[in-house]
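Protein chains: 2
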Amino acid sequence: MRRLKPIGIIHTPYKKDGEAPHQAYKSKEVGEIEVFKEHEEGLKDIEGFSHLIILYMFHKSVKRSVKKEHYLNSFGLLVKPYLDDTPRGLFATRSPNRPNPIGLTIVELLERKGNILKVRGIDMLDGTPLLDIKPYVPKFDQKNNVKIGWLEGKV
Amino acid sequence: MRRLKPIGIIHTPYKKDGEAPHQAYKSKEVGEIEVFKEHEEGLKDIEGFSHLIILYMFHKSVKRSVKKEHYLNSFGLLVKPYLDDTPRGLFATRSPNRPNPIGLTIVELLERKGNILKVRGIDMLDGTPLLDIKPYVPKFDQKNNVKIGWLEGKV
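Protein chains in written order, with the numbering used here: chain A, 8 to 162; chain B, 8 to 162.
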C-alpha cells in the first residue's frame, strides 16, 4: 500500500504531549499550517473557504500507547477514553492510537500568506506532519438528527 | 513515513469509475463496510452513533489522472473540477487525485452485524480499501458561518 507523504508541517503552541487539548472544539488557539513550497500552487482559491478539514499524522501516538492503562488489550482495539470509565471500541472513539494514525480536525482559516495558512481551533502537537487539506462544505460534511452514543451528555 | 494499511473493504453498487456520484450528499445508496475480523473488537459501542466519518483509499485515482484535461499541470496541483470551468487549487477541491490519496465521506449507520456495517450515503467505488472509522460528533465536526468560496451557488 501507499506510503503517507507529508505535504507540510503544522506549527502550534502545544510543544509536549499533554499540552494539547483533547478536542479542538475547546481550542481557540491560533497556529500556522506550513505547506511545503512544492505544493503551494495547490492552495490557489483556498482563501474563499472559511473552514478547512485538516488530515495529519498522529506522529506521537505510538509513544502515547506506552500509557498502558488506556489500552486494554494487546491490539489496542479497546480503549478507555478520557471522557469515560468504560472501555470503548477504538472506532467509537477519536483516540489517536489507530491502525492508520490519521488525525482529522476542522479549523477556521484566518489568513493565507503564500504557503502559510493561519488557522484557529487547532489541537495537534507542534511539528505534526500535514497529510491533506480539504475544503469544509456543509452540504457534504454537515449531518442532522445525529446520535452520539456513549458521548451523549459528555461533550 | 508510515504505510497505509487497509482495515477493511467497502462494498458499494458502483462497480466502475464513472458510476460513483461526484459527492456522497447526492447519494442515498446503501453499501456495506466490511471491517476485517482482526479489527472487529474495535467496533464495540459503534451502534450508538448515527453517523460515521469514513476514511478510505482513493485506490483508482491514479488511473483517473490519465484524463489529462482535468489536470492542468504536471504536478496535479491545479485541477478543473467537474462543477467549474476554472482551474482551481487542488486543496480547494475534493478531487480524488491528491498527494496522499485519502478520501473522506460521512455516512449514516443503518445497522451493524458483527464486522459488517450497513451504511447509507456512500460515493466510493466497490472494493475501496477502508483506512479508518471515526464517530461523527457535531460538537467537533460541525461549523457555523461557513463560506465556501468558488463552490458558492454550485452545491
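A virtual CB, placed ideally from N, CA and C, is assigned to each residue, including glycine. If you're wondering where the values come from, they're calculated on a predicted model, not measured in any experiment.
- For the set G121/B, F147/B and G160/B, the Cα lying nearest the Cα of D52/B is the one of G121/B.
- Closer than 9 Å at the C-beta level to chain A, one finds no residue of the segment 16-27 of chain B.
- For a Cβ distance threshold of 9 Å, residue set F82, L84, L97, F98 and P106 of chain B lies close to H46/A, ordered along the chain.
- Fully enclosed alpha helix (DSSP H) runs of no fewer than 4 residues occupy 145-148 of the segment 99-157 of chain B, in order along the chain.
- When the alpha-carbon of P145/B is set against those of E36/A, K141/A, E39/A and K154/A, the nearest one is in K154/A.
- N152/B counts as exposed, since fewer than 16 other beta carbons sit within 10 angstroms of its beta carbon.
- At a cut-off of 8 Å between beta-carbon atoms, I123/B makes no contact with chain A.
- According to the DSSP assignment, E41/B belongs to the beta strand (DSSP E) that extends over V37 to V42.
- The segment 91-109 of chain B makes contact with the segment 134-144 of chain A, as at least three CB pairs between them are under 8 Å.
- Contact annotation: G156/B and G49/A have beta-carbon atoms that are not nearer than 8 Å.
- A Cβ of chain B is located within less than 8 Å of the beta carbon of G55/A.
- The shortest C-alpha to C-alpha distance from P103/A to any of G160/A, R9/A, V42/A and M64/A is the one to M64/A.
- For H18/B, the uninterrupted beta strand (DSSP E) run begins and ends at G15 to H18, by DSSP.
- Residues of chain B with a Cβ closer than 8 Å to the Cβ of D92/A do not exist, since the nearest Cβ in that chain sits about 13 Å away.
- One Cα belongs to F43/B, the other to P13/B, and the distance between them is close to 9 Å.
- Minimum Cα-Cα distance from K150/A among the listed residues S57/B, F98/B, L117/B and P88/B corresponds to S57/B.
- Interface residue (Cβ-Cβ distance to chain A less than 8 Å): R127/B is not classified as such.
- Any Cβ of chain B closer than 8 Å to the Cβ of V162/A would place that residue at the interface, and such an atom is present.
- Straight-line measurement puts the Cα of E45/B at about 43 Å from the Cα of G55/A.
- Classified as buried, G38/A has 16 or more neighbouring CB atoms from the shown chains inside 10 Å of its CB.
- Of V86/B, D148/B, F147/B and L124/B, the smallest CA-CA separation from H18/B is found for L124/B.
- Per DSSP, reduced to three states, the secondary structure at G96/B is strand.
- Annotation for H29/A: no beta strand (DSSP E) segment contains it, and DSSP assigns it neither H nor E.
- By the neighbour-count definition (other C-beta atoms within 10 Å, threshold 16), D148/A is a buried residue.
- The Cβ of K12/A sits closer than 8 Å to at least one Cβ of chain B.
- Contact between I60/A and I113/A holds, since their C-beta atoms are separated by about 5 Å, short of 8 Å.
- In this structure, A99/A is the residue among A99/A, E115/A, G25/A and G134/A with its C-alpha nearest to the C-alpha of R119/B.
- In this chain, the beta strand (DSSP E) harbouring L59/B covers H58 to M64.
- Under the Cβ distance rule, G49/A counts among the residues neighbouring chain B, one pair being separated by less than 8 Å.
- Relative to the Cα of L116/A, the nearest Cα in the group L132/A, D91/A and K35/A belongs to K35/A.
- D24/A is the residue among Y143/A, G160/A and D24/A whose C-alpha sits nearest the C-alpha of D130/A.
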